[in-house]
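In mature numbering (1 follows the signal peptide of the UniProt record, and there is no 0), the protein residues as written are -24 to -1, 1 to 452. Quick notes on the structure that follows.
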């Protein structure tokens, strides 16, 4: 009986131990894995205290001369790494296949490769930078090719003209004998450059073609017309364009393009330097096809614009913003123009003394210039003679210095209203300023009436004026 009890107790104890152990294991929570993909508080799977950041690199730019040779270092790219890890660089994409990138970031021109500014002015490369730990970082490098001046035609300081010449033609570049010259010239036909000091350089072309002529140095004035016997007409006819003005400080443009009948415009994109130019007289006289956009010229120091566009029958560009504050002569400036009709109301004319024939036979001109300061003008003779479209009131002009008005408004299109307003305004000025007196005023083919008629009477009877105008006391 005792034996059975001991065995039973032993079995019960063993069973209880097994049961207790089993329940204990089932109730314990399962331990977390060491590399949980989404640990709480660290969703990017990094230990914020021990993470290694990838390097950073911005887009970079370098310049290289077009005459660079293989192995020349164009530049060294740079990147940053917060941990100071050593960085290596590599080339990912180069569509041109011209460049190499070393691990230290040096960019060089590849063996057997060359650059040409005239063909391509820039390239774009894609590079990687790596710290050996993180994924490589991509960035862009732009390489600009810099022009190496190889001849006068590539030099931005050269004055470049374009000519259409015939076979065997002797081409002459007209100069101004008032100035000294010292320049280098390339005639554009493969002949050697010449360094010259002589006036009117001449070159004979073997073949008919279009040629560029480049000039650099002291070449202070172009003067394609010198006199009626200068023998330059063939050269004038050959000139078709100014391609580049260059760095020359021009001293004079008198007769520069006079009678150059085949020049239409200037393709030059640079600005001519007129800072020392005082004379533009007859610059485009007889240049019948010229209509170049020259409204942005800086003309502050020009004093003589006489005959500048005389007979330039195609010219009709906006030059209303020109600085005319130094100009003293505008005689014949727009004479015999066919289509010119631009706003000149902003011009400063306070120093002008001669406006004789300024718009004579300017067939299209009809702009309001009543605000001009003409207080120093002495000669207005023929100023608008045969300007068939002109119909403006000039009565506000202060004509204190005028001595000549012969034929001034003959055969214009002034309405009776504007004739009257002009005469009334001038009569008031003369009466208030005791002059000018003894003026002969041309108004042939025009009519005055009413107040205009009375002003005519006062000017003639009390101030010695002679006014050639049809008139009647009553207005129709």
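Glycine included, each C-beta is placed from N, C-alpha and C at the ideal position.
- Taking 8 angstroms as the cut-off, the Cβ atoms of residue 333 and residue 352 do not count as close.
- By the beta-carbon neighbour count (other beta carbons within 10 angstroms, threshold 16), residue 151 is buried.
- The Cβ atoms of residue 276 and residue 302 lie closer than 8 angstroms to each other.
- No beta strand (DSSP E) of 3 residues or more sits fully in the region 357 to 391.
- In the three-state DSSP reduction, residue 209 falls in the helix class (H, G or I).
- Excluding sequence positions up to five before and after residue 206, its CB lies within less than 8 angstroms of the CB of 150, all in the same chain and listed in chain order.
- The secondary-structure analysis by DSSP pairs residue 161 across a beta bridge with 170 and 191.
- Residue 183 has its alpha-carbon roughly 39 angstroms from the corresponding atom of residue 311.
- Taking C-beta separations shorter than 7 angstroms and ignoring five residues to either side along the sequence, the partners of residue 121 in its chain run 40, 42, 91, 93, 96, 97 and 98, following chain order.
- Three or more beta-carbon pairs drawn from the region 128 to 135 and the region 217 to 234 are found closer than 8 angstroms, and the two stretches are therefore classed as touching.
- A check of alpha carbon separations from residue 338 across 289, 357 and 324 identifies 289 as the nearest.
- Linking residue 441 to residue 300 through their CA atoms gives a straight-line distance of about 31 angstroms.
- Bounds of any beta strand (DSSP E) do not take in residue 437; it lies within the alpha helix (DSSP H) bounded by 427 to 439.
- Per DSSP, residue 270 lies in no beta strand (DSSP E) and is assigned neither H nor E.
- Residue environment analysis places residue 32 among the exposed positions, since fewer than 16 neighbouring C-beta atoms fall within 10 angstroms of its C-beta.
- The beta carbon of residue 55 sits closer than 6 angstroms to the beta carbons of 31, 33, 63 and 105 from its chain, once the five residues preceding and following it are set aside; these are given in chain order.
- Counting C-beta atoms within 10 angstroms of its own C-beta, residue 336 has 16 or more neighbours from the protein chains shown and is therefore classed as buried.
- Annotation note: the region 59 to 129 contains the following uninterrupted beta strand (DSSP E) runs of length 3 or greater, listed N- to C-terminal: 64 to 69, 75 to 77, 82 to 85, 98 to 106 and 113 to 122.
- Sixteen is the threshold: since fewer than 16 other Cβ atoms of the shown chains lie within 10 Å of the Cβ of residue 322, the residue is exposed.
- DSSP, read as helix, strand or coil, puts residue 315 in coil.
- Distances from the alpha-carbon of residue 296 to those of 278, 284, 324 and 419 put 324 closest.
- Secondary structure of residue 255 (DSSP, three-state): strand.
- About 11 angstroms separates the Cβ atoms of residue 139 and residue 219, ruling out a contact at the 8 angstroms cut-off.
- Residue 381 sits close to residue 415, with the two beta carbons spaced by under 8 angstroms.
- Residue 71 is classed as exposed because its beta carbon has fewer than 16 other beta carbons within 10 Å across all chains shown.
- Beta-carbon to beta-carbon, residue 319 and residue 293 are separated by about 12 angstroms, too far to satisfy the 8 angstroms threshold.
- Around the beta-carbon of residue 58, fewer than 16 other beta-carbon atoms lie within 10 Å, marking it exposed.
- Note that the C-beta distance between residue 169 and residue 160 is below 8 angstroms.
- Residue 197 counts as buried, since at least 16 other C-beta atoms from the protein chains shown sit within 10 angstroms of its C-beta.
- The residues 28, 29, 30 and 31, in chain order, have a CB closer than 8 angstroms to that of residue 110 in the same chain once the five nearest residues on each side in sequence are set aside.
- Residue state for residue 409 is assigned as helix, using DSSP reduced to three classes.
- In this structure, residue 385 lies away from residue 430, with their beta-carbon atoms at least 8 angstroms apart.
- Shown here for residue 236: same chain residues with a beta carbon closer than 6 angstroms to its own, the five before and five after excluded, namely 200, 212, 215 and 263 in chain order.
- Between residue 317 and residue 341, the gap from beta carbon to beta carbon is short of 8 angstroms.
- With 16 or more other CB atoms across the displayed protein chains lying within 10 angstroms of its CB, residue 328 is buried.
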